[in-house]
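Just so you know, full-length UniProt numbering puts 247 at position 247 of the sequence shown, and the rest follows in order with no gaps.
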Amino acid sequence: MTETEQPEQSPASFRLVYVPGVTPTKWLRVWEERLPDTPVELLQSAPADGHALLLSGGADAGLVRLPVDRTVLSAIPLYTETTVVVFPKDHWLAAAEEVTAADLAEEVVFHPQDDTLDWPELPGRPALERPATTGDAIELVAANVGVLAVPQSLARLHHRRDLTYRTLVDVPQSQVALAWPEDATTDLVEEFIGIVRGRTANSSRGRTAAAEEQRRPSSTKKSKAQPQQRTGQGGSGKPKPTPGRRTGGGRTAQPKRGGSGGGRKK
């Protein structure tokens, strides 16, 4: 390579971190349709690591669980998940349509170290040790040691044939949000914000589209407005006769003198 030759630069990518249980697929499909030349780099992280990755600059935006540090991160809540309790299929809770925290009073309820629920008071009886991860807790549930309360998406993520779950009512729920560093709201971040909010292609192009709109020649807008300027004029540019004063022969009717007759004064 000579001194004048420059290496080919790869297209800028959008780095998106997401935590377990969150599925960004539907938004990525829209991204590929609207920005096919900008690849998305997906980064999966543990629940507690997503925030740190955003703050360190390792990702442009993230699909994470609230709460986040709002002093340094901007966040848009997307949806709230149903909380469920996971247990073996032959457990007595399987007979219920939904479960309350009071129903778990005599059950060992695991509280893993990566728990995503903000409990003011833990239900049930505490386990002797806290499992390190939700996956570890699922293994203990399968061994019939206790039960586990998690967001429904995590119950589905760790699905096993020998386990089932029921909705757990009147307990904390997990909120999923789109978050990004407050001082790094880039054009690509704006694009993704528009996508997750369900905006159309014309309204979700972010600041890039706004800049393009401002660069459009003013003649384009003027040409669209020309038909409105011809109101009240004929094709030759002459003023149109006043409506209601044309006679059958095409001559302008002269106003009648006097107050009698059917003519109306103008």
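Ideal Cβ placement from N, Cα and C applies to all residues, glycine included.
Shown here, Gly62 sits in a strand according to DSSP, grouped into three states. The beta carbons of Val17 and Gly50 sit closer together than 8 Å. Membership of Arg15 in the beta strand (DSSP E) is indicated by the continuous run Phe14 to Tyr18. In this chain, the alpha helix (DSSP H) harbouring Leu188 covers Asp187 to Val196. Scanning its chain for C-beta atoms nearer than 8 Å, with the 5 sequence neighbours on each side dropped, one finds around Val141 the residues Val86, Phe87, Pro88, Phe110, Val147, Leu148 and Leu163, in chain order.
With contacts defined as CB atoms closer than 8 Å, Ala61 and Ala179 qualify as a contacting pair. In its chain, beyond the 5 residues on either side, Asp118 have a beta carbon closer than 8 Å to the beta carbon of Pro67. For Trp31, the number of other beta carbons within 10 angstroms of its own is at least 16, and it is reported as buried. For the pair Thr167 and Thr25, the Cα-to-Cα distance works out to about 25 Å. Listed in chain order, the non-local C-beta contacts of Thr23 below 8 Å within the same chain comprise Ser153, local neighbours out to five positions each way being set aside. With contacts defined as CB atoms closer than 8 Å, Ala177 and Leu78 qualify as a contacting pair. Within a 10 Å sphere around the beta-carbon of Ser174 sit 16 or more other beta-carbons, which makes this residue buried.
With respect to the 8 Å criterion, Leu43 and Arg70 are not classified as neighbours on the basis of their beta carbons. In the three-state DSSP reduction, Leu35 falls in the coil class, being neither helix nor strand.
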